[in-house]
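S.K.: Numbering (numbering that gives the first Met the number 0), first residue to last: 0 to 55. Don't be surprised by glycine CBs; every beta carbon is placed ideally from N, CA and C. None of these values were measured; they are calculated from a predicted model.
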Amino acid sequence: MTNITIQSRRFNLVTLRQSDVSDRYLRWINSSNNKYIDYTNQSRILADIQSYVAER
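1) Do you know offhand how far N33's Cα is from T14's?
2) Would I44 be called buried (16 or more neighbouring beta carbons within 10 Å of its own) or exposed?
3) Would you kindly work out how many angstroms separate the C-alpha atoms of N11 and N2, rounded to a whole number?
4) Could you name the residues of the same chain whose beta carbon sits closer than 7 Å to that of Q17, not counting the 5 residues immediately before and after it, in chain order?
5) I need the boundaries of the alpha helix (DSSP H) containing L12, first residue and last residue.
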């Protein structure tokens, strides 16, 4: 996996790692505020996200 970091004054974008997948991340990805993220078109469980990240 290639580790990519993009930094700006307001935030940092980093490559998502399996260790980043947590209950907090699950709540965020399932939030209705993320309606424009294609992956959030259905409710996910932790195992779904862990598999998704492992495949990438």
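M.R.: From the atom records:
1) 18 Å
2) exposed
3) 13 Å
4) Q49, V52 and A53
5) Looking at the DSSP string, L12 is not in any alpha helix (DSSP H); the run it does join, the beta strand (DSSP E), is N11 to V13.
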